[in-house]
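First the structure, in the form of structure tokens, and then the observations on it.
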Amino acid sequence: MPRIIHVYEIPERWIVGTVGEPGDRSFFIQAKHGRRLISIAIEKSQVAALIERMNFLLREIKRENPHLLSKPLPMDSNPLENPIMEEFVVGVIGRIWLAEKEMI
């Protein structure tokens with residue numbers, strides 16, 4: 005199966021959310037840029053690992069470049085956007101720090 009890579013250079017929104025009741029929830033990552041919206045199914049354990057690794061990455065960035073994260077980041081507590089149409093299920097997911105662009 006060919007590898008699919010989705011790149012959102014500067015998304016307007018990137019959020020993890022759920023659909024359903026506790027015990028019967030589905031987890032999704034949504035990214036939005038303009039009219040482009042993608043919803044990707046992800047396992048709860050993958051969400052936990054992604055959050056853990058993101059927190060580690062943010063601590064490392066702050067340690068090496070304290071000026072970059074001097075202000076609190078805005079919180080997005082809004083629900084996932086509808087319609088939630090699962091594009092695919094996450095297999096492997098990664099994140100990288102692009103130092104030259106100061107962007108994750």
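Adding 4 to a residue's 1-based position in the sequence shown gives its number in my numbering. The beta carbon of each residue, even a glycine, is placed where N, CA and C say it ideally should be.
According to DSSP, is Arg40 helix, strand or coil?
strand
Going along the chain, which residues of its own chain have a beta-carbon closer than 6 Å to the beta-carbon of Ile19, five neighbours each way excluded?
Gln34 and Asp80
For Trp101, write down the residues that DSSP places opposite it in a beta bridge.
DSSP lists no partner for Trp101.
Look up Val20 in the DSSP assignment and say whether it is helix, strand or coil.
strand
Going by DSSP, what residues sit across from Ser30 in a beta bridge?
Val23
Okay, do the stretch 62-72 and the stretch 28-47 touch, 3+ Cβ pairs below 8 Å being the bar?
no
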